[in-house]
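J.: These protein sequences, in sequence, are chains A and B.
Per UniProt numbering, residue 1 is the first one in the first sequence, and the count goes up by one each step.
Per UniProt numbering, residue 1 is the first one in the second sequence, and the count goes up by one each step.
Every residue, glycine too, gets a C-beta built ideally from N, C-alpha and C.
Remember, predicted model here, so these are calculated numbers, not experimental data.
Protein chains: 2
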Amino acid sequence: MSQTNIEIAQAARMLPIQQIAEGLGIPDEALEPYGRHKAKVALRWLAGLEDRPDGKLILVTAVSPTPAGEGKTTTTVGLGDALTRIGQRAMICLREPALGPVFGMKGGAAGGGYAQVVPMEDINLHFTGDFAAIAVATNLLAALIDNHIHRGNALGIDVRRITWRRVLDVNDRALRDVVVGLGGPDNGYPRESGFDIVVASEVMAVFCLATDLADLRERLGEIIVGYTRDRKPVRARELDAHGAMTAILRDALAPNLVQTLEHTPAFVHGGPFANIAHGCNSLVATRAALKLADYVVTEAGFGSDLGAEKFVDILCRSSGLRPSGAVIVATVRAMKYHGGVDVANLTSENVEALEKGSVNLLRHLGIVRETLGLPAVVAINHRAEDTDAEVAALVRVAEQAGVRAVVARHYADGGAGATELAREVMRTTEEPSTMRFTYPDEAPLWQKMRTIATRVYGASDITASTAVRRQIHRLQDEGFGNYPVCVAKTQYSFSTDAKLRGAPTRHVVDIREVRLAAGAGFVVMVCGDVMTMPGLPAVPAATSIDVDADGRIVGLF
Amino acid sequence: MSQTNIEIAQAARMLPIQQIAEGLGIPDEALEPYGRHKAKVALRWLAGLEDRPDGKLILVTAVSPTPAGEGKTTTTVGLGDALTRIGQRAMICLREPALGPVFGMKGGAAGGGYAQVVPMEDINLHFTGDFAAIAVATNLLAALIDNHIHRGNALGIDVRRITWRRVLDVNDRALRDVVVGLGGPDNGYPRESGFDIVVASEVMAVFCLATDLADLRERLGEIIVGYTRDRKPVRARELDAHGAMTAILRDALAPNLVQTLEHTPAFVHGGPFANIAHGCNSLVATRAALKLADYVVTEAGFGSDLGAEKFVDILCRSSGLRPSGAVIVATVRAMKYHGGVDVANLTSENVEALEKGSVNLLRHLGIVRETLGLPAVVAINHRAEDTDAEVAALVRVAEQAGVRAVVARHYADGGAGATELAREVMRTTEEPSTMRFTYPDEAPLWQKMRTIATRVYGASDITASTAVRRQIHRLQDEGFGNYPVCVAKTQYSFSTDAKLRGAPTRHVVDIREVRLAAGAGFVVMVCGDVMTMPGLPAVPAATSIDVDADGRIVGLF
Chain A
1 MSQTNIEIAQ AARMLPIQQI AEGLGIPDEA LEPYGRHKAK VALRWLAGLE DRPDGKLILV
61 TAVSPTPAGE GKTTTTVGLG DALTRIGQRA MICLREPALG PVFGMKGGAA GGGYAQVVPM
121 EDINLHFTGD FAAIAVATNL LAALIDNHIH RGNALGIDVR RITWRRVLDV NDRALRDVVV
181 GLGGPDNGYP RESGFDIVVA SEVMAVFCLA TDLADLRERL GEIIVGYTRD RKPVRARELD
241 AHGAMTAILR DALAPNLVQT LEHTPAFVHG GPFANIAHGC NSLVATRAAL KLADYVVTEA
301 GFGSDLGAEK FVDILCRSSG LRPSGAVIVA TVRAMKYHGG VDVANLTSEN VEALEKGSVN
361 LLRHLGIVRE TLGLPAVVAI NHRAEDTDAE VAALVRVAEQ AGVRAVVARH YADGGAGATE
421 LAREVMRTTE EPSTMRFTYP DEAPLWQKMR TIATRVYGAS DITASTAVRR QIHRLQDEGF
481 GNYPVCVAKT QYSFSTDAKL RGAPTRHVVD IREVRLAAGA GFVVMVCGDV MTMPGLPAVP
541 AATSIDVDAD GRIVGLF
Chain B
1 MSQTNIEIAQ AARMLPIQQI AEGLGIPDEA LEPYGRHKAK VALRWLAGLE DRPDGKLILV
61 TAVSPTPAGE GKTTTTVGLG DALTRIGQRA MICLREPALG PVFGMKGGAA GGGYAQVVPM
121 EDINLHFTGD FAAIAVATNL LAALIDNHIH RGNALGIDVR RITWRRVLDV NDRALRDVVV
181 GLGGPDNGYP RESGFDIVVA SEVMAVFCLA TDLADLRERL GEIIVGYTRD RKPVRARELD
241 AHGAMTAILR DALAPNLVQT LEHTPAFVHG GPFANIAHGC NSLVATRAAL KLADYVVTEA
301 GFGSDLGAEK FVDILCRSSG LRPSGAVIVA TVRAMKYHGG VDVANLTSEN VEALEKGSVN
361 LLRHLGIVRE TLGLPAVVAI NHRAEDTDAE VAALVRVAEQ AGVRAVVARH YADGGAGATE
421 LAREVMRTTE EPSTMRFTYP DEAPLWQKMR TIATRVYGAS DITASTAVRR QIHRLQDEGF
481 GNYPVCVAKT QYSFSTDAKL RGAPTRHVVD IREVRLAAGA GFVVMVCGDV MTMPGLPAVP
541 AATSIDVDAD GRIVGLF
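(1) Against chain B, does I545 (chain A) count as a neighbour if the rule is that its beta carbon must be under 7 Å from one of theirs?
(2) Please determine if the region 441-458 of chain B and the region 350-360 of chain B are in contact, where contact requires at least 3 C-beta pairs separated by less than 8 Å.
(3) State the Cα-Cα distance for the pair G181 (chain A) and R191 (chain A), rounded to the nearest angstrom.
(4) Which residues, taken in chain order from the region 173-188 of chain B, show a beta carbon closer than 9 Å to some beta carbon of chain A?
(5) With distance defined between alpha-carbon atoms, name the residue in B:T463, B:M449, B:T331 and B:E399 nearest to P67 (chain B).
(6) Check the C-beta distance from I276 (chain A) over to A517 (chain A) and give it rounded, since I have them as a contact under 8 Å.
(7) Can you list, in chain order, the stretches of the alpha helix (DSSP H) that have 4 or more residues and sit fully within the region 457-517 of chain B?
(8) Note down the Cα distance separating T128 (chain B) from T428 (chain B), rounded to an integer number of angstroms.
(9) Just the Cα atoms here: how many angstroms apart are M1 (chain A) and A412 (chain A)?
(10) Please list the partners that D146 (chain B) has in chain A, where partner means a Cβ-to-Cβ separation under 8 Å.
(11) So if I threshold CB-CB distances at 8 Å, which residues from the region 299-323 of chain B count as touching chain A?
(12) What residues in the region 24-37 of chain A have a beta carbon less than 8 Å from any beta carbon of chain B?
(13) To the nearest angstrom, how far is it from the Cα of T451 (chain A) to the Cα of V485 (chain A)?
(14) Of all the residues that make up the region 89-113 of chain A, which are near chain B by a beta-carbon distance shorter than 8 Å?
(15) Go ahead and pull the three-state DSSP assignment for M449 (chain B).
(16) On the criterion of 16 or more Cβ atoms from any shown chain inside 10 Å, does S324 (chain A) qualify as buried, or is it exposed?
(17) So, are the CB atoms of T73 (chain B) and G108 (chain B) less than 7 Å apart?
(18) Can L168 (chain B) and N139 (chain A) be called in contact, C-beta distance under 7 Å?
(19) Using a C-beta cutoff of 7 Å, does M1 (chain A) count as contacting chain B?
(20) With DSSP as the reference, identify every bridge partner of V116 (chain A), one or two as the case may be.
(21) State the Cα-Cα distance for the pair residue 560 (chain B) and W446 (chain B), rounded to the nearest angstrom.
(22) Return the residues of the region 214-227 of chain B that lie within a Cβ-Cβ distance of less than 8 Å from chain A, sorted by chain order.
(23) For chain A, is any of its Cβ atoms less than 7 Å away from the one on I553 (chain B)?
(24) I'd like to know if D497 (chain A) contacts chain B, where contact means its C-beta is closer than 7 Å to some C-beta of that chain.
(25) Hey, how far is the Cα of I224 (chain B) from the Cα of D196 (chain B)?
(26) Please list the partners that P540 (chain B) has in chain A, where partner means a Cβ-to-Cβ separation under 7 Å.
(27) Residues of chain A with CB closer than 8 Å to the CB of D240 (chain B), please, in chain order.
(28) Determine the DSSP secondary structure at G226 (chain A), reduced to helix, strand or coil.
(29) G80 (chain B) lies in the alpha helix (DSSP H); which residues open and close that run?
(30) Going by Cα to Cα distance, which pick from B:A274, B:A384, B:A503 and B:T490 is closest to P97 (chain B)?
(31) Which runs of the beta strand (DSSP E), 3 residues or longer, sit entirely within the region 264-296 of chain A?
(32) What did DSSP end up calling A254 (chain A) once you bin it into helix, strand or coil?
(33) According to DSSP, is residue 558 (chain A) helix, strand or coil?
(34) Report all residues from its chain with a CB closer than 6 Å to the CB of H338 (chain A); omit the five preceding and five following residues, and keep chain order.
(35) What does G129 (chain A) touch in chain B if you count any residue whose Cβ is under 7 Å from its own?
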């Protein structure tokens, strides 16, 4: 393909967003336009749709990705366009891209090739300001905590036990560990702290799990920001912070409507990372889409070990959402990578490596079909360099496991390239949902983590330092044992070692750190080296992004 | 008045923003709506108006404020509405409120009573996302600096001499002085740094001084972020940061169109504080308004010693803007305050204290008329508790100084309460502008600061530590001597001591710190205790702001 993503996106002829809304039956008064091609849909109007039946929910997940990603967003878009093309009322639900990675390594995250949501630059930059609002809400709470202590600390917060961290939407490793409050009494009490990226924040998780504004406010109030000297939790509510935080987030909570290059309507709303957070777009958006369309295609970040597991065990558990089936995105390239081929050699044919690496796909098929109970289709996201022999081998692998594998060419051909996939997905989702959870609510936290590690990651066991074990036991004793577990770990491997490709077994998952997210309603277990604040690479994408003489953004991929 | 600002604002019947734009002759295709009542006006379309004659520019300034503020924004809105009411084509240009103070002490900053710009909650919260974009641009540059050092430091940046600070739009004293880069080699090199509030940032200043996107990009490239070991400045351009920063700010640079309660069009765009930055809304907005209206009313922050001086010496100097006249907002309340009355007793009649305190007004009249050469009108911003005797005394004071003083009741009565003021302003601005600068370009930096301190602040001299003097001399030697000086000091007094009311003389201004803003094109001299990152008060406004069951924002004043 000679055109870059941004060139394709900028050449797109978008319809006015009012027209997209009209196609969904959204009246003009329920629409808050942001420019000509983005709009928020009023929560009040959406609340009136409660009695409508839900459409079918299709979850797009993937194999363990190579560093370049396997095209999950692209496939979600392509499948939505293909469903539209074969006459279905379809909608897409995606996460909003984080700004940090756009200027770091990743570039844009609005699909690619001829399967993109547009306006691409807007979606990748500030979009409608949701992430900025989430950052301000988080940082306001932090300021209220330090101010409370500075003003006499009536709640008796232990400055050594403040767990609330500030956030920015910038990849900035220098902010991972900081000391704040230096400079003398006017600046408060010095203490250790740190910044996370917005997409790793609890407010982002709360935002994406809340059913409505009242639930958002309630959850924000429940957030535990730290502990007193005698280990009593201190909540945002006690600081009177949750009202203002809700006010900051009020407009943001309405879902953002955009369109694909082929005018399929899409909600792009909320965006927790799946390696360090729960990894799905907002519940508000998905619920709304299910009322507006017969097929709703959504994605959960990274491989099924991360996004799909959390989609089911966190989002579906708390919300009652039930996907009718799943699409597992696989690439010839990723299978060769998992078969041991170096990144530099992935464009050469290598059926043997592909077959060897397809253990990764098989493990993901097992997670999706057996552990999570979802009927599945494999979408082979086709790349120009894939050979017929490789594609045939990959189809064979899937079919030997009893799953249809369909070649999808939406990257090059848009929705027309994915109509076979769309038909297969429709067939697969004809039966009622059979989704099940990986573990029951009542399993203890340690047991939940162990079940995820052994059943999903293929680990032999989990470990943790005495301090971490003690913390897990304390959470269990304090009544948080019924929470689901949100694992933070590398997306590149089933294990916690990014270099362990394929389908590693007998590895051990070490829990490095535990964070309670009482507002979101889960316990985060950080496993291995994963960072909740990424850094910039040696040559950040920012250094090539620019604005040309005509005011056009260039260098954004 | 029984209704609060937000109640009045929420009861307003706003016109669709398209209708406001139409009244200004802005075609639909030049408008980017943000919701129904806010829109950005395309820079490309505005650039096409260059050949039109400019309207008259009226600068609203004020006496030294009491902690509650004297209603400068309110008067700007009221005057705009009054001009419209008497048949003039008028526009208003205001700064965007900063979020930090909204949740701190100050509450909203979109006018008050029946003289407000609306939608009030939107304008006070995220509005169109401009400040969020400015924060990201600033913080991306910071991350690129630390990343450059972490990756080998090819430019040889001295980690002890990085001057670039991060920003947040939150009042957070704990971030004034921090140590970043802790936690080991993966997190970079530990170093001291700090955060400022967005409105104090150089990117904010650059944003408000830039003539267009190309000038913005050029200025961003010129920003000096720190120095090498041998004191060579390192610029944003050398880090390839300015292109991405421009991309981040591209949409933000188009001015935001809103309306007053009486449907007078208003640009609300950019917002540097006047005590810690240059204090005027964006040049882009003011220039656009001058092409669209015959009278453009704009404000510069705080008293004339801060906002008006910087408006003339910084903004007008670099842009060629020439105000035709000035309105000096005075209140009975502030005059009594400057006459020595405690804040608690300001509602009781006290003509004697008022006459004593009016030295403050007289000093401001001198600055505006003699130093800056602007014909002036005094607007007595009327409050319910003002007695006739007090008002008469204040009118007398002004008229003895040869200036008309007009009582304006826009807070209670909207534009109808300020028509006499509007007529007086029209008379006053009939003659061509006679504006002059406080100091010539070629005066050395020390001399410039001394001229401002003695002529504007009534000081007898300026002082500085040896280190600061050395720094000023170095800037002079390095070729920055032709820059104007942007003073950061308290707004409550002509001196650097907030408690010195009235019109203090023989005080000495100590320069505590010097910051070079090479992108903005000025040298900041921080005098006295003024903070570039405010803190929260004992009872932050945030603790009473909330969202009610109907999704309405409450408690925002």
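T.: According to the structure shown:
(1) yes
(2) Contact annotation: the region 441-458 of chain B does not touch the region 350-360 of chain B, with fewer than three C-beta pairs closer than 8 Å.
(3) Between G181 (chain A) and R191 (chain A), the C-alpha separation is close to 6 Å.
(4) R173, A174, L175, R176, D177, V178, V179, V180, G181, L182, G183, G184, D186, N187 and G188
(5) Answer by Cα proximity: B:T331.
(6) Rounded, the Cβ-Cβ distance is 12 Å, inconsistent with contact.
(7) 466-475
(8) 35 Å
(9) Since pLDDT at M1 (chain A) reaches only 47, below the 50 mark, its modelled position is unreliable, and the value read off the structure follows with that caveat. Roughly 7 Å between the two C-alpha positions.
(10) Chain A residues near D146 (chain B): D172, R173 and A174.
(11) none
(12) Within the region 24-37 of chain A, contact with chain B at the beta-carbon level (separation under 8 Å) is assigned to E32, P33, Y34, G35 and R36.
(13) Their Cα atoms are separated by approximately 10 Å.
(14) From the region 89-113 of chain A, only L99 and F103 have a Cβ closer than 8 Å to chain B.
(15) helix
(16) Residue environment: S324 (chain A) is assigned as buried (16 or more neighbouring CB atoms within 10 Å of its CB, all protein chains considered).
(17) no
(18) yes
(19) Low per-residue confidence applies at M1 (chain A): pLDDT is 47, beneath 50, and the placement is therefore not dependable enough to give any value.
(20) Contrary to the premise, residue 116 (chain A) reads as Gln rather than Val in this sequence. For Q116 (chain A), which the question treats as bridged, DSSP gives the partners A:G111.
(21) Absent from the model: residue 560 (chain B). The displayed extent of chain B is 1 to 557, so no value can be given.
(22) Here the close residues are A214 and R217.
(23) yes
(24) No, D497 (chain A) does not count as interfacial toward chain B.
(25) 16 Å
(26) Against chain A, the beta carbon of P540 (chain B) has neighbours under 7 Å at L144 and N147, listed in chain order.
(27) Taking a Cβ-Cβ cut-off of 8 Å, the neighbours of D240 (chain B) in chain A comprise A542, T543 and S544, given in sequence order.
(28) Strand at G226 (chain A).
(29) K72 to R85
(30) Cα-wise, what sits closest to P97 (chain B) is B:A274.
(31) 265-268
(32) coil
(33) The question about residue 558 (chain A) has no answer here: the residues shown for chain A are numbered 1 through 557.
(34) G357, N360, R501 and G502
(35) H126, G129 and A132
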